[in-house]
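**Q** To start, I am sharing the structure in question, which I have written as structure tokens.
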Amino acid sequence: MKKAGCLLAGVLSLVLAVAAIWFVSGWWGSAEIEEDTNFIVPSGASLTSVAEKLAEEGVIADPEGFLLRAKILGSSDPILAGEFLLPAGASSAAILDTFQHGEVIRRFVTIPEGLPSILVHERLMAEDHLTGEIPVPVEGSVLPDTYDFERGEARSAVLARMQAAMQNYLAEAWPKRAEDIAVDSVQEAVILASIVEKETGVARERRMVAGLYSNRVKDGMLLQADPTIIYPLTKGKPLGRRIRQSEIAAINDYNTYTMVGLPKGPITNPGREAIAAVLDPAETSARYMVADGTGGHAFAETLEEHNRNVAKWFEIRRQRGEM
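Counting in my numbering, the sequence shown runs from 927 upward without gaps.
Right, dumping it as structure tokens:
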């Protein structure tokens, strides 16, 4: 009887050992993931609901077993909400650790310098991983940059960050402005910067263009900036054709060919460098500029010099077959 008891105890110990190995291997052994998988933990989700979702999506086979092992072998730290990458072959232990301490997948949307608000709206609405509706933002309220977001995040939240970034940049940049600049307020600085942004895509020219338009503002001259003609027609989208004489002569709150001073509002969302150029423009006597055929501009102090530059530009266009 003593031998039988020892044998039974030995068998029981072996069974318990096997069971323990099975239980533990089910936690640290590979799960059902055959390839890298993105998994979303909904906001406010419990570990129980997440386990059920893991099973529904084929990531684990046994949600009850996952929960039991998590309670006994796992950390008690709370799970995070968001989208996570679960690598192929990840164990249940690794899955829980990812939800508790891993990095949420970040996605990105880029707003380039000079993108008008109507196109900012279209870009955000085209992001399938964002949710909700937004209005077209106020022109000039968005700071061009690359912004990250989480899958399922509200478009309104992303837009709010873009607008907060602009406000923060202006609050930092405005006190550092040079003396005797042509604008008297932050809003005027954004308006003039939006013109500078649309008038040149050459970084080295920004302060020069800002200086030229600052001179015109101070002198009470017409700014005669072509983009201000286009803005009322398309809200900043490309016109797709040459400007008509009737549009040059149009009288409205934006067309700087028929009004003195700045337009009533920005004509695009200017970037940091365009704003900085307006707040610290180049010291120049230039009042005129025209394309020089290289992507930049030829600047002039007098109308006579400007007319010669215009003649050169027309000759370049004739040689290109554009006239």
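All C-beta atoms, glycine included, are put in the ideal place defined by N, C-alpha and C.
Residue ranges of each beta strand (DSSP E) run of no fewer than 3 residues wholly in the region 988–1053, ordered along the chain?
**A** Qualifying beta strand (DSSP E) stretches, in chain order: 1008–1012, 1033–1037.
**Q** In chain order, what residues of the same chain have a beta carbon less than 6 Å from the beta carbon of T1024, not counting five sequence neighbours either side?
**A** If we look at T1024 and ignore the five residues flanking it on each side, its Cβ neighbours are F1010.
**Q** If you run the structure through DSSP and keep just helix, strand and coil, what is F1240?
**A** Residue state, collapsed to three classes: helix.
**Q** Would you kindly work out how many angstroms separate the C-alpha atoms of L1149 and V1135, rounded to a whole number?
**A** The straight-line gap from Cα to Cα measures roughly 11 Å.
**Q** Please classify K1124: is it buried, with 16 or more other beta-carbons within 10 angstroms of its beta-carbon, or exposed?
**A** Buried, because 16 or more other Cβ atoms sit within 10 Å of the Cβ of K1124.
**Q** Do Q1026 and P1061 count as a contact pair if the criterion is CB distance below 8 Å?
**A** The answer is no: Cβ separation not under 8 Å.
**Q** Going by Cα to Cα distance, which pick from S1017, L1056, T1154 is closest to N1181?
**A** Checked all of S1017, L1056, T1154; the closest Cα to N1181 is T1154.
**Q** I think L1069 touches M1092, with their Cβ atoms under 8 Å apart; what is that distance to the nearest whole Å?
**A** Indeed, because the Cβ distance is near 4 Å, the residues count as touching under 8 Å.
**Q** What's the C-alpha gap between V1112 and I1021?
**A** Cα to Cα, the separation comes out at about 50 Å.
**Q** With distances taken between CB atoms, is the gap from A1019 to G991 smaller than 8 Å?
**A** No.
**Q** If E1079 and R1032 are in contact, beta carbons under 8 Å, what's the gap, nearest whole angstrom?
**A** Actually they do not touch by this definition, with Cβ atoms about 10 Å apart.
**Q** Short check: CB of M1215 to CB of A1224, under 8 Å?
**A** In this structure, A1224 lies closer than 8 Å to M1215 by Cβ.
**Q** Could you check which residue in L1056, V1064, E1199, E1231 has the C-alpha nearest to that of P1192?
**A** Comparing Cα positions, the closest option is V1064.
**Q** Over what stretch of residues does the alpha helix (DSSP H) that includes N1094 continue unbroken?
**A** 1081–1099 is the span of the alpha helix (DSSP H), which, as asked, contains N1094.
**Q** Could you tell me whether the region 1034–1046 touches the region 1159–1168, using the rule of 3 or more Cβ pairs below 8 Å?
**A** Cβ pair count under 8 Å is three or more, so yes.
**Q** DSSP three-state call for R1246: helix, strand or coil?
**A** Reduced to three states, the DSSP call for R1246 is coil.
**Q** Looking at the unbroken alpha helix (DSSP H) that takes in T963, where does it start and where does it end?
**A** Taken as a continuous stretch (DSSP letters only), T963 belongs to no alpha helix (DSSP H), being part of the beta strand (DSSP E) at 963–967.
**Q** Please list, in chain order, all residues of the same chain as P968 whose beta carbon is under 7 Å from its beta carbon, the five residues on each side excluded.
**A** Cβ within range, chain order: A1007.
**Q** List the whole-angstrom C-beta distance separating P1207 from S1120, where the pair is believed to meet the contact cut-off of C-beta under 8 Å.
**A** The Cβ separation is near 15 Å, so there is no contact.
**Q** Over what stretch of residues does the alpha helix (DSSP H) that includes V976 continue unbroken?
**A** V976 -> alpha helix (DSSP H) spans 973–982.
**Q** Just to confirm the assignment, what range does the alpha helix (DSSP H) spanning D1145 have?
**A** That run of the alpha helix (DSSP H) goes 1132–1145.
**Q** Quick check on the DSSP output: the beta strand (DSSP E) that includes A1074 runs from which residue to which?
**A** According to the sequence provided, residue 1074 is Asp. The question's Ala does not apply to it. 1071–1075 is the extent of the beta strand (DSSP E) around D1074.
**Q** In this structure, does DSSP put A1226 in helix, strand or coil?
**A** The answer is strand: DSSP assigns A1226 an E or B state.
**Q** DSSP on I947, reduced to helix/strand/coil?
**A** Because the pLDDT of I947 is 49, which lies under 50, any placement of that residue in the model is unreliable, and the number read from its coordinates should be weighed accordingly. I947: helix per DSSP, three-state reduction.
**Q** For L980, collect the residues of the same chain with a Cβ closer than 8 Å to its Cβ; drop the 5 residues on either side in sequence, then sort them by chain order.
**A** F965, I986, P989, F992, I1021, listed in sequence order.
**Q** Please tell me whether L1012 and T974 are closer than 8 Å, where the distance is taken between their beta carbons.
**A** Taking 8 Å as the Cβ cut-off, L1012 and T974 do not qualify as a contacting pair.
**Q** Just to confirm, are V1204 and A1129 a CB contact at a threshold of 8 Å?
**A** No, Cβ-Cβ distance for V1204 and A1129 is not below 8 Å.
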